Each structure stands twice: as C-alpha cells, then as structure tokens.
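A.B. asks: Following this message is one structure expressed as structure tokens.
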DNA sequence: CGAGAATACTTTGATGTCAAACTAATGTCC
DNA sequence: GGACATTAGTTTGACATCAAAGTATTCTCG
C-alpha cells in the first residue's frame, strides 16, 4: 500500500496543509519556514535557560557577560553591548542592572563621554561565564541533534536571510 | 588577491571566531547556528508584530485566531489551542483573555467537561484574521528574502532538529 | 558662543513567556 | 461510594522585550 501516511502530528505540517487548502499555496512554504524557525528557537532557548537557571543567569545576561569577557579589557560602553548583541537599549540597561546586583558586573561613568556608561566584568563574572560557556558548549552547542552539513547550510542560509531583512 | 576579507561586521561571525580562538572549536559552529536562529527569528517576529500592531493584534493572538478559524466549528477547548500552538497554558489564558476583551473571541464552559473552557471565534474575529493572514502572506511569508530551495532545506533540517529536541 | 539637533541611557508602561501554586472537576480503585 | 490522583485552567510572580517619553551630555553651526 502506498497510502499517504496521515499520522502527521507535526503542527507545522498541519498548518502548512491548512494554508494550501485555503488557497495560500504561494505563501505556505514561507509560513512553514518561519514557524519552524520560531519553534526551534523556542526549544533551544528553553533548554539553554533551563541549564543557566541554576547558575542564576538568563541567556540575555549570559550574552552580556560573554561579550564583556571577550572584550580587550573586560569593559565596554553599554551602548556597544547593545549594538553587538543587537538588543534594545532598554534591554541592556535591564540586564546590566541585574548583573550588577549580582556582583558580576560593575558600572561606571565613561571618562571619555559623560553620556556613556561603562560596564566592566568582575572576577566573579568571569568565573561564572566561563563555567556556563563550557556547560552550554557541552550540553547544547556541541551535541546539537542535527547533521553538521545541514547545520552549516542552514547557518549560511540564515545569514543571507538576515541580510535580506536588513540585519 | 586571495586575502581573507576581514570586514566581517556580522556579530555572529565575530562570536564564532572568538569561540574558536578560545579553544571551543568543536562547539563554535553549533553556537553560530543557534545564534543565527535566534537572530533570524527576532527579525522576522519583529517585522510580523510591526505589521499586526495597527490591527491591534500580536503574533501570539493572531495564531490563536488563525487556529480557531481553521477549526471545524470555529470553537476549540483552550487546552487544545495550547497543545496545537505549543504554548504554555498560562500564555493561552492570557491571549484568549485579551482576544475576548477585543470581541474577537468568546469563551464558554465546555458542556462535555466542566473543567474545560471553549474559545469560539466571532465574526469580527474571522474578518480580522483573514485580513491579517493575507497581509502576512503578502508582506512576509510570500516574499521571504531567501532562496526557496535553501528555505525548504532549512525547514526540513529544522524539523528533524525539533524532533531531536523532543518536539 | 549659544541655540537646536543628535546621542547615550534610563524610566515607564504594555505584552509575552514560563514556573509554581491554587481551584475546580473528573477519573480511578479498593 | 468515597479518598486520592489526575486533568484543565487560572492566578501570581519573576523576567525579557520593545515603544515612547524623559534626562543629561555632546556636537554642530550660524
């Protein structure tokens, strides 16, 4: 029997079918792609947050710490942080504030520009971010359940997509 | 000249280099992939929300309306909604509450199960979701700036990734 | 040099998400 | 049949994000 197996179960495939049946065939694959992206991101971020939570970090704060740890002096204007991580200034303020409360970062006025605020990672911040980076590498980034060739092809495709979206 | 062009500018490529230089080469491509995913999702969702905002919808609420409109009677238990959209029950409660406040949905007790709550799309809800779907198809899902073959390959890769992550 | 524009953040308010606790109704099992 | 587990939602609290408004500082020009 070559019947079409109807045990779809995948909500995204179901949605795609609905799109086609509604006469939106020309947008169905785009919708399926976007939905897949959203869902995969959700799963990965969920896993990451779950791993970081016991360490008192969120992914947003981890990224800030990670960026500071990579920077030459462990210090950056918070504006630069937002720029590099591509997040809203208000989000940076929020993250840095909480990191400072946790003693992982220290803020200070930028002597070179009175409008600017510098964020500096503390020794405790460095220790924590190193441990968390290794944790994420070991548990998430390294063993991603995807074929490496597919992964890299997707990364490339996403890069051009990002460009096309004005990134 | 076959010099390696250093005008990277892409924050993700910068991060990948940092990863490799730190000795995490085995996780660098996974990190780059995850980061690309997160960023692309962010850009797409941002564009979608921007388009829906004038209509008083968010993507979360749009998805609920869309699902109800596709359902046989335009009615579903809110639990089913969360299951199909794969969102937390609390998020469904929140979305349905706001949709109801906007007159796009009506809630009622499920006669078949006293614990369950039914959400039904209203005529106004149908009109709005049709208009918004066509808007998103025309502005986002249809003209996605990505090669169709790459897009579909990525969708397939993401699907297996989702499975591998327990979706 | 002084007014107005631009820049760098912070604050506030609205939204969304998830975890955990709580309520109510249904099921299961001696 | 009644105690206990399970299921369906809601509520509450902690966080994150973005838009918009507010504050302070620096830049630009006539």
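Chains as they are written, first to last, in our numbering: chain A, 7 to 173; chain B, 7 to 173. Where is the CB? At the ideal position from N, CA and C, for every residue including glycine. Quick caveat: nothing in here was measured; it's all calculated off a predicted structure.
#1: Decide yes or no for the touch test of the stretch 114–128 of chain B against the stretch 68–86 of chain B: beta carbon pairs closer than 8 angstroms, at least 3 of them.
#2: Identify every run of the beta strand (DSSP E) within the stretch 12–96 of chain A, keeping only runs that are complete inside it and at least 3 residues long; order them along the chain.
#3: Taking C-beta pairs closer than 9 angstroms, name the residues in chain B that residue 152 of chain A reaches, listed in chain order.
#4: How many angstroms separate the CA atom of residue 146 of chain B from the CA atom of residue 40 of chain A?
#5: Excluding five sequence neighbours on each side, which residues of the same chain lie with their C-beta closer than 7 angstroms to the C-beta of residue 102 of chain A?
#6: Have a look at residue 98 of chain B and residue 72 of chain B and give me their C-alpha separation to the nearest angstrom.
#7: I want to verify the contact list: residues of chain A whose CB lies under 8 angstroms from the CB of residue 42 of chain B, in sequence order.
#8: Considering only the alpha carbon of each residue, which of A/20, A/49, A/165, A/173 lies closest to residue 94 of chain B?
#9: Hey, how far is the Cα of residue 75 of chain B from the Cα of residue 108 of chain A?
#10: Tell me which residue opens and which closes the alpha helix (DSSP H) that residue 163 of chain A is part of.
#11: Would you kindly report the start and end of the unbroken alpha helix (DSSP H) that includes residue 130 of chain B?
#12: So which residues of chain B does residue 100 of chain A contact, with C-beta pairs closer than 8 angstroms?
#13: What three-state label does DSSP hand residue 105 of chain A in the structure shown?
#14: Cα separation between residue 12 of chain B and residue 32 of chain A?
#15: Taking just the CA atoms, how far does residue 143 of chain A sit from residue 134 of chain A?
#16: Within 10 angstroms of the Cβ of residue 169 of chain B, are there 16 or more other Cβ atoms? Answer buried if so, exposed if not.
#17: On the DSSP letters alone, give me the boundaries of the beta strand (DSSP E) that residue 113 of chain B sits inside.
#18: Is there at least one Cβ from chain B nearer than 8 angstroms to residue 47 of chain A's Cβ?
#19: Hey, how far is the Cα of residue 163 of chain A from the Cα of residue 131 of chain B?
#20: Establish whether the CB of residue 17 of chain B and some CB of chain A are separated by less than 8 angstroms.
#21: Could you tell me whether any Cβ in chain B is nearer than 8 angstroms to the Cβ of residue 24 of chain A?
#22: Express the C-alpha separation of residue 118 of chain A and residue 152 of chain A in angstroms, rounding to a whole number.
#23: Using beta carbons (cut-off 8 angstroms, strictly below), is residue 134 of chain A in contact with chain B?
#24: For residue 66 of chain A, collect the residues of the same chain with a Cβ closer than 6 angstroms to its Cβ; drop the 5 residues on either side in sequence, then sort them by chain order.
#25: Could you list the residues in the stretch 61–82 of chain A with a C-beta less than 7 angstroms from some C-beta on chain B, going in chain order?
#26: From residue 115 of chain A to residue 149 of chain A, what does the alpha carbon distance come to, in whole angstroms?
C.D. replies: This is what the structure holds:
#1: yes
#2: 81–83
#3: Within the first chain, residue 152 of chain A is the residue found at index 146, counting from 1. Simply 36, 39, 163, 164, 166, 167, 170.
#4: For the purposes of this step, residue 146 of chain B is taken as residue 140 along the second chain, with counting starting at 1. For the purposes of this step, residue 40 of chain A is taken as residue 34 along the first chain, with counting starting at 1. Each residue's CA atom was taken as its position, placing residue 146 of chain B and residue 40 of chain A some 9 angstroms apart.
#5: Start at 1 with the first residue of the first chain, and residue 102 of chain A comes out as number 96. Correct list, in chain order: 70, 84, 111, 113, 125.
#6: Taking the second chain and counting its residues from 1, the one referred to as residue 98 of chain B is at position 92. Taking the second chain and counting its residues from 1, the one referred to as residue 72 of chain B is at position 66. Inter-residue distance for residue 98 of chain B and residue 72 of chain B is about 14 angstroms (C-alpha atoms, whole angstroms).
#7: Within the second chain, residue 42 of chain B is the residue found at index 36, counting from 1. Listed along chain A, the residues sitting closer than 8 angstroms to residue 42 of chain B by beta-carbon distance are 160, 161, 164, 165, 168.
#8: The count along the second chain starts at 1 and reaches residue 94 of chain B at position 88. Comparing Cα positions, the closest option is A/49.
#9: The residue given as residue 75 of chain B occupies position 69 in the second chain. The residue given as residue 108 of chain A occupies position 102 in the first chain. Whole-angstrom Cα-Cα distance: 47 angstroms.
#10: Taking the first chain and counting its residues from 1, the one referred to as residue 163 of chain A is at position 157. Residue 163 of chain A -> alpha helix (DSSP H) spans 154–170.
#11: Numbered from its first residue, the second chain carries residue 130 of chain B at position 124. From DSSP, the alpha helix (DSSP H) with residue 130 of chain B extends over 129–142.
#12: Against the first chain, residue 100 of chain A aligns to sequence position 94. Per Cβ cutoff of 8 angstroms: no residues; residue 100 of chain A is ~16 angstroms from chain B at best.
#13: As a first step, residue 105 of chain A must be located in the first chain, where it is residue number 99. Residue 105 of chain A falls in the helix class under three-state DSSP.
#14: Within the second chain, residue 12 of chain B is the residue found at index 6, counting from 1. Within the first chain, residue 32 of chain A is the residue found at index 26, counting from 1. Residue confidence is low: residue 12 of chain B scores 46 on pLDDT, short of 50, so the model does not pin down where it sits. Its coordinate-derived value is still stated next. Those two C-alpha atoms are separated by around 39 angstroms.
#15: Along the first chain, read from residue 1 onward, the residue named residue 134 of chain A stands at position 128. Along the first chain, read from residue 1 onward, the residue named residue 143 of chain A stands at position 137. Each residue's Cα considered, the two are about 14 angstroms apart.
#16: Here residue 169 of chain B corresponds to residue number 163 of the second chain, with the count starting at 1. The residue in question, residue 169 of chain B, is exposed, as its Cβ has fewer than 16 Cβ neighbours within 10 Å.
#17: Position 107 of the second chain, counted from the first residue, corresponds to residue 113 of chain B. Looking at the DSSP string, the run of the beta strand (DSSP E) that includes residue 113 of chain B is 111–115.
#18: Position 41 of the first chain holds residue 47 of chain A. With 8 angstroms as the cut-off, residue 47 of chain A counts as an interface residue toward chain B.
#19: For the purposes of this step, residue 163 of chain A is taken as the residue at position 157 of the first chain. For the purposes of this step, residue 131 of chain B is taken as the residue at position 125 of the second chain. Straight-line Cα distance between these residues: approximately 36 angstroms.
#20: Locating residue 17 of chain B in the second chain gives position 11, counting from the first residue. Taking Cβ atoms only, chain A reaches closer than 8 angstroms to residue 17 of chain B, which makes this a yes.
#21: Taking the first chain and counting its residues from 1, one reaches residue 24 of chain A at position 18. Interface residue, yes.
#22: Working through the first chain from its first residue, we reach residue 152 of chain A at position 146. Working through the first chain from its first residue, we reach residue 118 of chain A at position 112. Cα to Cα, the separation comes out at about 47 angstroms.
#23: The residue labelled residue 134 of chain A in the question sits at position 128 within the first chain. It does not: the Cβ of residue 134 of chain A has no partner Cβ on chain B nearer than 8 angstroms.
#24: Indexing the first chain from 1 puts residue 66 of chain A at position 60. Result list for residue 66 of chain A: 101, in chain order.
#25: 76
#26: Translated into positions along the first chain, residue 115 of chain A becomes position 109. Translated into positions along the first chain, residue 149 of chain A becomes position 143. Rounded to the nearest angstrom, the two C-alpha atoms are 41 angstroms apart.
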